[in-house]
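Student: Numbering (UniProt numbering), first residue to last: 1 to 131. For glycine and all other residues, C-beta sits at the position ideal for the given N, C-alpha and C.
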Amino acid sequence: MGFLIRTAIVVTIGIMLIPADPAELARTGKASEVSTIGTLVFMKTAWDDARGFCDRNAEACTTAGQFGDLFQAKARTGAKWIYGFLGPSSPTPAAARPFPAVDATATGSLPPPRPVPRRKPTDLQPHFAAS
(Lines of atoms letter the chains of each structure in order from A and count residues from 1; the text may use other names and numbers.)
(Lines give C-alpha, C1' and ligand atoms only; values in the text may rest on other atoms or scores of the structure.)
Protein backbone atom coordinates (compact mmCIF):
# COMPACT_ATOMS: atom_id res chain seq x y z
CA MET A 1 0.00 0.00 0.00
CA GLY A 2 2.88 2.31 0.80
CA PHE A 3 4.30 1.75 -2.67
CA LEU A 4 1.05 2.92 -4.27
CA ILE A 5 0.95 6.05 -2.12
CA ARG A 6 4.58 6.89 -2.92
CA THR A 7 3.96 6.28 -6.61
CA ALA A 8 0.91 8.55 -6.53
CA ILE A 9 2.94 11.28 -4.81
CA VAL A 10 5.77 11.04 -7.37
CA VAL A 11 3.33 11.10 -10.30
CA THR A 12 1.51 14.09 -8.78
CA ILE A 13 4.76 16.01 -8.30
CA GLY A 14 5.79 15.13 -11.85
CA ILE A 15 2.50 16.43 -13.25
CA MET A 16 2.79 19.61 -11.18
CA LEU A 17 6.19 20.32 -12.78
CA ILE A 18 4.75 20.23 -16.32
CA PRO A 19 3.94 23.72 -17.59
CA ALA A 20 0.24 24.20 -18.39
CA ASP A 21 -1.05 25.31 -21.76
CA PRO A 22 -2.60 28.82 -21.44
CA ALA A 23 -5.58 27.72 -23.56
CA GLU A 24 -6.30 24.92 -21.07
CA LEU A 25 -6.03 27.36 -18.15
CA ALA A 26 -8.45 29.82 -19.78
CA ARG A 27 -11.01 27.09 -20.47
CA THR A 28 -12.34 26.98 -16.88
CA GLY A 29 -10.75 30.07 -15.40
CA LYS A 30 -10.40 28.45 -11.97
CA ALA A 31 -6.86 27.11 -12.42
CA SER A 32 -5.32 30.59 -12.26
CA GLU A 33 -6.63 31.01 -8.69
CA VAL A 34 -4.39 28.24 -7.28
CA SER A 35 -1.23 29.38 -5.52
CA THR A 36 1.82 27.36 -4.60
CA ILE A 37 1.22 27.86 -0.87
CA GLY A 38 -2.42 26.81 -1.27
CA THR A 39 -1.31 23.66 -3.08
CA LEU A 40 1.18 22.78 -0.32
CA VAL A 41 -1.45 23.34 2.38
CA PHE A 42 -3.88 21.13 0.46
CA MET A 43 -1.27 18.37 0.07
CA LYS A 44 -0.42 18.44 3.81
CA THR A 45 -4.11 18.28 4.74
CA ALA A 46 -4.72 15.39 2.33
CA TRP A 47 -1.66 13.54 3.67
CA ASP A 48 -2.79 13.95 7.28
CA ASP A 49 -6.26 12.73 6.33
CA ALA A 50 -4.83 9.67 4.53
CA ARG A 51 -2.59 8.81 7.51
CA GLY A 52 -5.57 8.73 9.85
CA PHE A 53 -7.73 6.58 7.58
CA CYS A 54 -7.01 3.30 9.41
CA ASP A 55 -7.80 4.92 12.76
CA ARG A 56 -11.25 5.85 11.50
CA ASN A 57 -11.90 2.69 9.45
CA ALA A 58 -10.13 -0.23 11.13
CA GLU A 59 -12.29 -2.84 9.42
CA ALA A 60 -11.50 -1.47 5.96
CA CYS A 61 -7.77 -1.58 6.71
CA THR A 62 -8.03 -5.15 8.02
CA THR A 63 -9.84 -6.21 4.84
CA ALA A 64 -7.27 -4.36 2.71
CA GLY A 65 -4.46 -6.19 4.53
CA GLN A 66 -6.13 -9.55 3.88
CA PHE A 67 -6.59 -8.61 0.24
CA GLY A 68 -2.91 -7.62 0.07
CA ASP A 69 -1.87 -11.02 1.45
CA LEU A 70 -4.12 -12.79 -1.07
CA PHE A 71 -2.73 -10.64 -3.88
CA GLN A 72 0.87 -11.46 -2.88
CA ALA A 73 0.12 -15.20 -2.77
CA LYS A 74 -1.47 -15.06 -6.21
CA ALA A 75 1.43 -13.01 -7.59
CA ARG A 76 3.94 -15.55 -6.25
CA THR A 77 1.94 -18.42 -7.77
CA GLY A 78 1.77 -16.64 -11.12
CA ALA A 79 5.51 -15.96 -11.03
CA LYS A 80 6.17 -19.66 -10.35
CA TRP A 81 3.93 -20.63 -13.28
CA ILE A 82 5.67 -18.20 -15.61
CA TYR A 83 9.11 -19.34 -14.43
CA GLY A 84 8.08 -22.95 -14.92
CA PHE A 85 6.88 -22.18 -18.43
CA LEU A 86 9.79 -19.95 -19.49
CA GLY A 87 12.47 -21.34 -17.17
CA PRO A 88 15.09 -23.99 -17.86
CA SER A 89 13.73 -26.93 -19.80
CA SER A 90 16.46 -29.43 -18.89
CA PRO A 91 15.82 -31.60 -15.83
CA THR A 92 19.38 -31.06 -14.55
CA PRO A 93 19.93 -27.55 -13.20
CA ALA A 94 22.98 -25.71 -14.49
CA ALA A 95 24.56 -25.68 -11.02
CA ALA A 96 24.50 -29.51 -10.87
CA ARG A 97 26.21 -30.02 -14.24
CA PRO A 98 29.98 -30.53 -13.95
CA PHE A 99 32.25 -28.03 -15.65
CA PRO A 100 34.61 -29.46 -18.24
CA ALA A 101 38.27 -29.42 -17.24
CA VAL A 102 40.02 -26.65 -19.16
CA ASP A 103 43.71 -25.90 -19.05
CA ALA A 104 43.79 -22.15 -18.53
CA THR A 105 47.33 -21.88 -19.89
CA ALA A 106 46.25 -23.57 -23.16
CA THR A 107 43.63 -20.88 -23.79
CA GLY A 108 46.15 -18.08 -23.37
CA SER A 109 44.21 -16.50 -20.53
CA LEU A 110 47.03 -17.19 -18.07
CA PRO A 111 50.79 -17.17 -18.60
CA PRO A 112 52.52 -20.52 -18.24
CA PRO A 113 53.67 -21.23 -14.69
CA ARG A 114 57.26 -20.40 -13.82
CA PRO A 115 59.36 -23.26 -12.50
CA VAL A 116 59.88 -23.18 -8.76
CA PRO A 117 63.58 -23.46 -7.82
CA ARG A 118 64.32 -26.48 -5.62
CA ARG A 119 66.22 -25.78 -2.45
CA LYS A 120 68.70 -28.05 -0.84
CA PRO A 121 68.19 -28.97 2.80
CA THR A 122 71.43 -27.14 3.62
CA ASP A 123 69.93 -23.90 2.29
CA LEU A 124 67.16 -24.11 4.90
CA GLN A 125 69.60 -24.15 7.86
CA PRO A 126 69.94 -20.95 9.92
CA HIS A 127 72.85 -18.75 8.85
CA PHE A 128 74.65 -18.06 12.02
CA ALA A 129 78.08 -19.16 13.11
CA ALA A 130 78.32 -21.53 16.02
CA SER A 131 80.87 -20.36 18.56
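Alpha carbon to alpha carbon, how far is R76 from L86? Give it in angstroms, no decimals.
Tutor: Residue numbering aside, residue 86 sits at position 86 when the sequence shown is read from its first letter. Residue numbering aside, residue 76 sits at position 76 when the sequence shown is read from its first letter. Approximately 15 Å, taken between the alpha carbons.
Student: Between the C-alpha atoms of I82 and E33, what's the straight-line distance to the nearest angstrom?
Tutor: Here residue 82 corresponds to residue number 82 of the sequence shown, with the count starting at 1. Here residue 33 corresponds to residue number 33 of the sequence shown, with the count starting at 1. Approximately 51 Å between the Cα atoms of the pair.
Student: To the nearest angstrom, report how far apart I15 and T7 are at their CA atoms.
Tutor: For the purposes of this step, residue 15 is taken as residue 15 along the sequence shown, with counting starting at 1. For the purposes of this step, residue 7 is taken as residue 7 along the sequence shown, with counting starting at 1. So the alpha carbons of these two residues sit roughly 12 Å apart.
Student: Between G68 and I13, what straight-line distance do the alpha-carbon atoms span, to the nearest angstrom?
Tutor: Counting from one through the sequence shown, the residue named residue 68 turns up at place 68. Counting from one through the sequence shown, the residue named residue 13 turns up at place 13. Cα to Cα, the separation comes out at about 26 Å.
Student: I'd like the list of long-range same chain contacts for K80, defined as Cβ closer than 6 Å, with 5 residues on each side in sequence excluded.
Tutor: Your numbering for residue 80 matches position 80 in the sequence shown. Closer than 6 Å at the Cβ level, and outside the excluded window around K80, lies no residue.
Student: Given this structure, state the Cα-to-Cα distance separating G65 from T36, to the nearest angstrom.
Tutor: Walking along the sequence shown from the start, residue 65 turns up at place 65. Walking along the sequence shown from the start, residue 36 turns up at place 36. Roughly 35 Å separates the two Cα atoms.
Student: Cutting at 7 Å between CB atoms, please list the residues of its own chain near G38, excluding the five before and the five after it.
Tutor: Stepping through the sequence shown from its first residue, residue 38 is reached at position 38. Nothing listed; no residue qualifies.
Student: What three-state label does DSSP hand D21 in the structure shown?
Tutor: Within the sequence shown, the letter at position 21 stands for residue 21. If DSSP states are grouped into helix, strand and coil, D21 belongs with coil.
Student: Anyone know if the C-beta pair for D60 and C54 falls short of 9 Å?
Tutor: Here residue 60 refers to the residue found at position 60 of the sequence shown. Here residue 54 refers to the residue found at position 54 of the sequence shown. The question names Asp, yet the displayed sequence has Ala at residue 60. Yes, these two residues count as a Cβ contact at 9 Å.
Student: Could you check where the alpha helix (DSSP H) with E59 kicks off and where it finishes?
Tutor: Looking up residue 59 in the sequence shown gives position 59. Residues 58-86.
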